[in-house]
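K.L.:
Numbering (the numbering used here), first residue to last: 7 to 344.
Using N, Cα and C, we set each Cβ at its ideal position, and we do this for glycine too.
Here the structure is a predicted model, which means the values were calculated and not measured.
Mind looking over this structure? Questions follow.
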Amino acid sequence: MARSVSPGPEIHRTDFPITAVALSWTGSPRGVRLRLYNRKGKPGAWRTVVPGCPCGKDGAGRDGATAPRNQALVPAGNSYGYQLEAASGVRVTEALAIDTEREPRTGEPLASGTPSARASRDPSGSLSPRPAFPPSGLITRAAWGADETKRFTANGSESSPTVFTPFQMITVHHTATDPDDPDPAATVRAIYQQHAVSNDWGDIGYHFLIDQRGQIYEGRYSGTDGRPAHNARDEVVTAFHTIGFNPGNIGIALLGDFTKAERTPRMQESLVNLTGALASLHGLAPLSRVTYRHVVTGRTTQGPAVAGHRDWTSTDCPGTTAYLGLGRIREQAARLYG
Ligand SMILES: [Zn+2]
């Protein structure tokens, strides 16, 4: 993966096509503008960068949290340069031009077909039969091209060794990336790069990601036993998606921006099937509320068993339309598995 770093105001050109520009900044959430340059050096229009899901790793602070920063992954459509403009009081702490097109793919080829197709074609609208966990057609880390060396430090140690705790709940996010994404696997690799390396979390923050076609991607590494997000005792690997609420919390990210846009039917279907399969595996009633207890800090908080990020943290994530659609997700998942 080619990448190039420049958080300053100068025009930054690359000798590779940029898939996305990863940005982090402090100050106003709407305080950064960006414009892209094409191969011939011609600039496009300035646009305000919209911060994405403020996911993160639990820290050692008193409340078990680290301060959230503004973050975004701006799709760059194979541009060859970018320029940033920061409002007063805003400091861009990181800018990274990422090219994931040339990322080597190892392991098995991408799964073909719609992963949840067998649960989708009943014209009555009822989803059956019950798929097992893990969902069929899941795109493994190897299949989306996760470079596993990114999980390790220079001296060869794992930067975020896996920790497993009992399952407690599910939280839904959106990535605020390109809604008409031509290459979602490349976007998953870009998010992985941003989370694992730029943010130094050691891995991608989510347990699962779902694209517009309904394909489900394996996220955070959890071992080699073929149980994504879990160990052999069905405990959940701690990921980095809801600061202060990470242990035991399974994070599912919808690829795209659901501030105003609706989910595609296939994305909806896969989210219902994955949510239902996890609920079934763990005996969770999708319509219920839970008292979440952070295993490290002991702090307890009440919220929905199948929540949106904004149920736990002050954020727009998972976008207003996705958030308002969660009621239907819970009902359909409950019907499927209840
Ligand atoms: Zn989120």
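#1: In whole angstroms, what separates the C-alpha of T177 from that of H213?
#2: Is the distance from the Cβ of I24 to the Cβ of I104 below 8 Å?
#3: Check each candidate in H247, P185, A51 and name the one with the smallest Cα separation from H315.
#4: On the CB-based measure, 16 or more other CB atoms within 10 Å of its CB, does R195 come out buried or exposed?
#5: Suppose the cutoff is 6 Å on Cβ atoms and the five residues either side in sequence are ignored; what does the same chain contact list for H288 look like?
#6: Going by DSSP in three states, Q199 sits in which element: helix, strand or coil?
#7: Which stretch, first to last residue, makes up the beta strand (DSSP E) that contains R299?
#8: Which residues neighbour ligand 1 when neighbourhood means a C-beta less than 5 Å away from any of its non-hydrogen atoms? List them by chain order.
#9: Between which two residues does the alpha helix (DSSP H) holding Y329 run?
#10: Output needed for S41: all residues of its chain with C-beta closer than 6 Å, excluding positions within five of it in sequence on either side, in chain order.
#11: Could you name the residues that DSSP lists as bridge partners for H236?
#12: Would you mind stating whether P234 and L144 have Cβ atoms separated by less than 8 Å?
#13: Kindly confirm or deny that the region 326-335 and the region 251-266 touch, where touching means at least three C-beta pairs closer than 8 Å.
#14: In this structure, does DSSP put L290 in helix, strand or coil?
#15: Within its chain, find whatever has a CB closer than 6 Å to the CB of D184; leave out the 5 residues flanking it on each side and keep chain order.
#16: Going by C-alpha distance, which of G62, T270, V27, D186 is nearest T319?
P.N.:
In this structure, then:
#1: Whole-angstrom Cα-Cα distance: 10 Å.
#2: With respect to the 8 Å criterion, I24 and I104 are classified as neighbours on the basis of their beta carbons.
#3: Minimum Cα-Cα distance from H315 among the listed residues H247, P185, A51 corresponds to H247.
#4: In the assembly as shown, R195 is a buried residue. Its beta-carbon has 16 or more other beta-carbons within 10 Å.
#5: Counting only Cβ-Cβ distances below 6 Å, and skipping sequence neighbours, we find F173.
#6: Reduced to three states, the DSSP call for Q199 is helix.
#7: Start and end: 295-299.
#8: Having a Cβ closer than 5 Å to some heavy atom of ligand 1 are C59, H179, H315, C323.
#9: Segment 326-330, the alpha helix (DSSP H) holding Y329.
#10: Reading off the sequence, residue 41 comes out as Arg, not Ser. Exclusion of the five residues before and after R41 leaves P49, G50, W52, Q89 as the residues of its chain whose Cβ lies within less than 6 Å of its Cβ.
#11: Residue pairing by DSSP places H236 opposite V242 in a beta bridge.
#12: Taking 8 Å as the Cβ cut-off, P234 and L144 qualify as a contacting pair.
#13: Under the three-pair Cβ rule at 8 Å, the region 326-335 counts as touching the region 251-266.
#14: DSSP places L290 in coil when its eight states are reduced to three.
#15: In the same chain as D184, and ignoring 5 residues on each side of it, the C-beta atoms closer than 6 Å to its own belong to P81, in chain order.
#16: The shortest C-alpha separation from T319 is found at G62.
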